[in-house]
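Asks: Got a structure here, written out as structure tokens. Questions coming.
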Amino acid sequence: MEHLGGNVKQRSSRLVGLVLGMYGLTFLAAVPYFNWQYAREHTFTSWLMFGGLKATVKAAVWPYYAVVQSRAPSWSAEEIANSRHFFASMEASRAATRLLKSSVNSSVPQATVDEFLRLQRLALYEAALVRNDVLEKAMPGLAVVWREKYERSLKLSLRAVEQREVRGQLAASRLHDEWVDWINSNKNNIRVPRQ
1 MEHLGGNVKQ
11 RSSRLVGLVL
21 GMYGLTFLAA
31 VPYFNWQYAR
41 EHTFTSWLMF
51 GGLKATVKAA
61 VWPYYAVVQS
71 RAPSWSAEEI
81 ANSRHFFASM
91 EASRAATRLL
101 KSSVNSSVPQ
111 ATVDEFLRLQ
121 RLALYEAALV
131 RNDVLEKAMP
141 GLAVVWREKY
151 ERSLKLSLRA
161 VEQREVRGQL
171 AASRLHDEWV
181 DWINSNKNNI
191 RVPRQ
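Using my numbering, you'd call the opening residue of the sequence shown number 1 and step up by one each time.
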């Protein structure tokens, strides 16, 4: 009977050794992958500072990320096509913001105002085309924030600039800042597909 118990222990320790060996090999493969991914998504300088450490820790718990990736929603071609409006709206809004920041004069030329309005209208048009089901699939709760903060801030900004309302522009700016804060704190959880 003792011999049988020793045999089970021996087999168990071999199995544990095999599992740990396999885990070690996959960890060695995961380290360069997660480091490359971190450097690609951030900047090389960011990776040099502490990104390598973060990526290596992430590689150590790679099974968790494998499970998370497997739970990511699958996207239909129609949903992917609709998600283009999300990125088009964001890009038009960023371009409008850059345009105003580049105009540091207290009096903004009318051509700059006209281009700002065109970009804001484009951002609003594209924002309205993003379907709520696509936003919710990207992250539960995104549709409400998109409509109430982002899209509403675009509407308020357009109206304020068109009617030269300083208070309206301040309200639009505050709402836009709330959107930026929200998107920055949730950007790692949002999975809007890019084509």
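Glycine included, each C-beta is placed from N, C-alpha and C at the ideal position.
Whose C-alpha, out of S46, T43, M139 and Y38, is nearest the C-alpha of T56?
Replies: Measuring from the Cα of T56, the nearest candidate turns out to be Y38.
Asks: Quick one: Cα of N189 to Cα of R164, how far?
Replies: 37 Å
Asks: What's the gap between the Cα of L53 and the Cα of Q110?
Replies: In this structure, the alpha-carbon of L53 lies about 50 Å from that of Q110.
Asks: Using the C-alpha atoms, what's the distance from R84 back to E78?
Replies: Just so you know, the alpha carbons of E78 and R84 end up roughly 10 Å apart.
Asks: Measure how close the beta-carbons of E115 and L99 come, nearest whole angstrom, since I'm counting them as under 8 Å.
Replies: 6 Å
Asks: Which of the three DSSP states, helix, strand or coil, is assigned to A43?
Replies: According to the sequence shown, residue 43 is Thr rather than Ala. Correct three-state label for T43: coil.
Asks: Counting along the chain, where does the alpha helix (DSSP H) carrying L175 start and finish?
Replies: V166 to N186
Asks: Can you tell which of V192, S153 and A92 has its C-alpha closest to the C-alpha of E178?
Replies: S153
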